[in-house]
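Asker: In the working numbering, the protein residues as written are 5 to 207.
A single structure is presented below for examination.
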Ligand SMILES: Nc1nc2c(ncn2[C@@H]2O[C@H](COP(=O)(O)OP(=O)(O)O)[C@@H](O)[C@H]2O)c(=O)[nH]1
Ligand SMILES: [Mg+2]
């Protein structure tokens with residue numbers, strides 16, 4: 005069944021685990037540092053410019069943000085951890101919420117971990133990749149802002165990443181740009197595909 009991505013609505017935020025939706029709808033979770041392009045990706049998927057707030061001021065979002073897609077599943081926007089401009093304490097709070105979130109047996113169908121294609125993976129990215137690769141949850145790396153690099157540079161970055169601990173048996177990262185829409189179609193297919201495997205609730 006095709007997913008109507010245009011039918012995406014903002015559903016709410018949660019600052020703590022006990023504020024997260026309890027309706028058990030499946031979630032596609034997006035993680036990645038602040039400013040990596042999570043909101044831009046959500047807007048593009050939904051075909052709505054202003055759905056998720058795109059910000060030039062990194063480190064602002066400290067909550068989990070929920071978008072309901074087609075009345076069927078959530079796109080979950082995790083807090084952007086690890087930005088240099090927030091204090092150590094705030095950083096720790098971000099990643100604690102992310103850690104808790106991923107370990108809380110929420111109905112997560114897939115984790116999309118976003119990384120800026122121009123940068124070396126951060127310590128947190130490396131931890132995340134290792135964690136995801138040793139868990140049962142399906143996941144994919146999404147390399148954002150590909151419009152900033154040439155094809156040759158993109159391939160080089162893919163090469164570098166393929167050697168990272170945990171990437172050896174991982175599916176190939178997706179290359180994405182919210183500017184020229186590289187990877188958008190593939191991204192929609194990926195999400196819809198995951199979702200196709202989940203039977204609709206009949207009870
Ligand atoms: N060149 C380029 N800029 C992007 C892309 N995606 C996001 N940005 C910019 O990066 C900044 C942060 O984006 P945002 O979506 O708010 O990131 P978030 O903090 O992860 O939600 C904004 O200035 C965006 O316009 C992209 O694919 N290409
Ligand atoms: Mg954002």
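All C-beta atoms, glycine included, are put in the ideal place defined by N, C-alpha and C.
Determine the contact status of residue 32 and residue 72, defining contact as a CB-CB distance below 7 angstroms.
Answerer: In this structure, residue 72 does not lie closer than 7 angstroms to residue 32 by Cβ.
Asker: Along the chain, where does the beta strand (DSSP E) containing residue 141 start, and where does it finish?
Answerer: Premise fails: residue 141 is in no beta strand (DSSP E) and is neither H nor E.
Asker: Could you have a look at residue 44 and say whether DSSP puts it in helix, strand or coil?
Answerer: In this structure, residue 44 counts as helix in the three-state DSSP scheme.
Asker: Can you tell me whether residue 154 sits near ligand 2, meaning its C-beta is under 6 angstroms from at least one heavy atom of the ligand?
Answerer: No; taking the cut-off as 6 angstroms, the Cβ of residue 154 has no heavy atom of ligand 2 nearer than that.
Asker: With the cut-off set at 7 angstroms, would you say residue 148 and residue 118 are in Cβ contact?
Answerer: Contact: yes.
Asker: Kindly indicate which three-state DSSP category residue 16 falls into: helix, strand or coil?
Answerer: Three-state DSSP puts residue 16 in a strand.
Asker: Use the C-beta contact count for residue 195: other C-beta atoms within 10 angstroms, 16 or more gives buried, fewer gives exposed.
Answerer: With 16 or more other Cβ atoms within 10 Å, it is buried.
Asker: Does the distance from the C-beta atom of residue 141 to that of residue 121 stay below 7 angstroms?
Answerer: Not closer than 7 angstroms, so no.
Asker: Assuming residue 188 is part of the alpha helix (DSSP H), what are its boundary residues?
Answerer: Its alpha helix (DSSP H) spans residues 188 to 200.
Asker: I'd like the list of long-range same chain contacts for residue 138, defined as Cβ closer than 8 angstroms, with 5 residues on each side in sequence excluded.
Answerer: Excluding residues within five positions, the ones whose Cβ falls inside 8 angstroms are 170.
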